[in-house]
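S.K.: Everything in the sequence shown is counted per our numbering, starting at -2 for the first residue and increasing by one.
Provided herewith is a single structure, encoded as structure tokens, for subsequent inquiry.
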Amino acid sequence: MLKVLIAEDDPISQRFVSAIVERLGYCALVSPNGRHAWEALCAENRFGLLITDIMMPGMDGTTLIRTMRSEERFREMPVVVMSAFIGVSEISSLLGIGATWFMPKPVERNVLEDYVKRALG
-2 MLKVLIAEDD PISQRFVSAI VERLGYCALV SPNGRHAWEA LCAENRFGLL ITDIMMPGMD
58 GTTLIRTMRS EERFREMPVV VMSAFIGVSE ISSLLGIGAT WFMPKPVERN VLEDYVKRAL
118 G
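Structure below.
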């Protein structure tokens, strides 16, 4: 079963996103910050998708994406960024450093389902 790593510090968003991922038939692992997510990626390379917030303690989502993309084994992994406080230029920068898709918060169920299906389907 493919696994989805969710890097998100907000408990409500964690539950909402993981419930959608699991309803689609995938295993969801929640990391409370970017550092934990990076450690999870390095410990087990069975993730098919990363869904990450940008503003998190420890290591933010931008640093997480940059760190991932610096490693050959993670260069092709799809990354969905979700954030409430971000403008067009920041979205462009995130796509430039390796994010695959962006979705604003609050997350819309159908948008998230579409990205998960496109990444893993």
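Glycine included, every Cβ here is placed at the ideal spot set by N, Cα and C.
The model shown is predicted, which means the values in this text are computed figures rather than measured ones.
Buried or exposed, going by whether 16 or more other CB atoms sit within 10 Å of the CB of Ala81?
M.R.: exposed
S.K.: Looking at C-alpha atoms only, which residue of Met52, Ala40 and Glu110 is the closest neighbour of Ile17?
M.R.: Measuring from the Cα of Ile17, the nearest candidate turns out to be Glu110.
S.K.: My assumption, with CB atoms under 8 Å, is that Val1 sits in contact with Val113. Please give the rounded CB distance.
M.R.: For a cut-off of 8 Å, the C-beta gap from Val1 to Val113 is around 7 Å, short enough to register as a contact.
S.K.: In whole angstroms, what is the alpha-carbon distance linking Phe44 and Leu21?
M.R.: 15 Å
S.K.: Is the beta carbon of Met(-2) sitting closer than 8 Å to the one on Cys24?
M.R.: yes
S.K.: Cutting at 7 Å between CB atoms, please list the residues of its own chain near Pro75, excluding the five before and the five after it.
M.R.: Around Pro75: Leu46, Thr97 and Ala116.
S.K.: Our contact map puts Val77 next to Met100 with C-beta atoms below 8 Å; I'd like the distance itself, whole angstroms only.
M.R.: 6 Å between Cβ atoms; contact.
S.K.: How would you call Gly58, buried or exposed, if buried means at least 16 neighbouring beta carbons within 10 angstroms?
M.R.: Gly58 counts as buried, since at least 16 other C-beta atoms from the protein chains shown sit within 10 angstroms of its C-beta.
S.K.: Considering only the alpha carbon of each residue, which of Gly118, Asn107 and Lys102 lies closest to Ile9?
M.R.: Lys102
S.K.: Using the Cβ count rule (16 or more neighbours within 10 Å means buried), how would you classify Glu5?
M.R.: buried
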